[in-house]
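Okay, structure first, notes after.
Residue numbers (the numbering used here): 113 to 222.
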């Protein structure tokens, strides 16, 4: 039992932190209950198949939701401080251009 529960805990760590805080404990309790109810190797295999398929369906959705929240927060900050945004974009532009120029010169020399 301990190996399956530890493996499930590691799988839960793939979810974003906010999702884990809200639902991690209840998901782990549900998995433990279903694991204790599975009597044979076949039912255990079905449990793991359902668990992994649920992970494959829900993980990209949760990560996309977290990225969406972060992007909205970033754009709100950029809108509030346009001078900082212009400065950051200018610095990135200069740094990328300088990096490309140095690489081109070193590539031509070597």
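Heads up, the beta-carbon is just placed ideally off N, CA and C, and yes, glycines get one too. In this text, all values refer to a predicted model and were calculated from it rather than measured experimentally.
Do you know how far the Cα of residue 141 is from the Cα of residue 166? Their Cα atoms are separated by approximately 16 Å.
At the level of alpha carbons, what is the spacing between residue 134 and residue 121? A direct Cα-Cα distance of roughly 15 Å separates residue 134 from residue 121.
Inspect the beta-carbon positions of residue 143 and residue 174 and report whether they are closer than 8 Å. No; because the gap between Cβ atoms is not below 8 Å, this pair is not in contact.
Under a three-way DSSP split, which group does residue 152 fall into? Look at residue 152 here: in three-state DSSP terms it is coil, with no helix or strand label.
Can you tell me whether DSSP reads residue 193 as helix, strand or coil? DSSP places residue 193 in coil when its eight states are reduced to three.
Determine the DSSP secondary structure at residue 128, reduced to helix, strand or coil. Three-state DSSP puts residue 128 in coil, outside helix and strand.
Own chain, CB closer than 7 Å to residue 191, minus 5 neighbours either side, in chain order: A distance below 7 Å between beta-carbons, with the five flanking residues on each side excluded, links residue 191 to no residue of its chain.
Does the distance from the CB of residue 159 to the CB of residue 150 come in under 8 Å? The answer is yes: Cβ separation under 8 Å.
Relative to the alpha-carbon of residue 117, which residue among 148, 126, 218 and 199 has its alpha-carbon at the smallest distance? Among 148, 126, 218 and 199, the Cα nearest to that of residue 117 belongs to 148.
Pull up the distance between the alpha-carbon of residue 184 and that of residue 217, whole angstroms please. Rounded to the nearest whole angstrom, the C-alpha separation of residue 184 and residue 217 is 39 Å.
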